[in-house]
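*Asks:*
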Amino acid sequence: MRRDLHTSLAYGRQKSLTGKLAYYLLKLLGVEIPLSVRIGEDLMIHHGGYGVVIHPLAVIGNRVRIYPGVTLGRADIHLPPEKSAFEGIVVENDVILCSGAKVLCKQGILRLGRGTIVGANAVLFESTGENEIWAGAPARRVGMRKE
Numbered sequence: 002m003r004r005d006l007h008t009s010l011a012y013g014r015q016k017s018l019t020g021k022l023a024y025y026l027l028k029l030l031g032v033e034i035p036l037s038v039r040i041g042e043d044l045m046i047h048h049g050g051y052g053v054v055i056h057p058l059a060v061i062g063n064r065v066r067i068y069p070g071v072t073l074g075r076a077d078i079h080l081p082p083e084k085s086a087f088e089g090i091v092v093e094n095d096v097i098l099c100s101g102a103k104v105l106c107k108q109g110i111l112r113l114g115r116g117t118i119v120g121a122n123a124v125l126f127e128s129t130g131e132n133e134i135w136a137g138a139p140a141r142r143v144g145m146r147k148e
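This note's numbering puts the sequence shown at residues 2 to 148.
And the structure:
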């Protein structure tokens with residue numbers, strides 16, 4: 002499969018010798034994916050992914066699509082990390098995160114179910130089921146994705 006530069010760098014951060022270089026190149030291109038983030042197969046960072054920020058405790062599944070301006074992170078950034086109840090975000094397989102989507106978790110693990118779509122500029126604070134479509138700020142379920 003042919004990958005664009007940003008996606009290649011996202012996978013490159015997992016290599017021992019060149020990982021940090023790939024990480025810093027991504028940062029220069031406006032994409033923040035820490036070395037600790039696990040990424041499944043066939044990730045696509047569309048349109049350069051400028052403004053993408055992913056928390057170090059996130060896990061990304063297979064065939065996930067990420068558009069520019071997406072944030073996966075803590076909802077309680079006013080607290081020091083050691084006082085936060087945030088444990089991470091799990092993005093399951095086949096999820097689409099549209100431009101500007103914000104997925105923010107306050108406590109525990111927020112899970113985006115397989116096949117979930119988070120709409121453009123949505124602000125999501127809760128876990129989703131499989132194949133659900135979420136939109137709005139705050140986000141609410143607006144439909145189901147057809148297989």
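Virtual Cβ for every residue (Gly too), placed ideally from N, Cα, C.
Grouping DSSP H, G and I as helix and E and B as strand, with all else coil, what is Leu113?
*Replies:* strand
*Asks:* So Cys99 packs on Ala121, CB below 8 Å; how close in whole Å?
*Replies:* 4 Å
*Asks:* Using 8 Å for Cβ pairs, my map puts Gly62 next to Val96. What's the rounded Cβ distance?
*Replies:* 7 Å
*Asks:* Whether or not the stretch 51–59 and the stretch 77–93 are in contact is what I'm after, with contact meaning three or more pairs of Cβ atoms, one per stretch, closer than 8 Å; do they touch?
*Replies:* yes
*Asks:* Cβ of Leu44 within 9 Å of Cβ of Gln15?
*Replies:* no
*Asks:* For Ile55, collect the residues of the same chain with a Cβ closer than 6 Å to its Cβ; drop the 5 residues on either side in sequence, then sort them by chain order.
*Replies:* Ile34, Val38, Leu73
*Asks:* Going by DSSP, what residues sit across from Ile46 in a beta bridge?
*Replies:* For Ile46, the beta-bridge partners assigned by DSSP are Ile67.
*Asks:* Is Arg142 closer than 9 Å to Gly116 when the C-beta atoms are compared?
*Replies:* no
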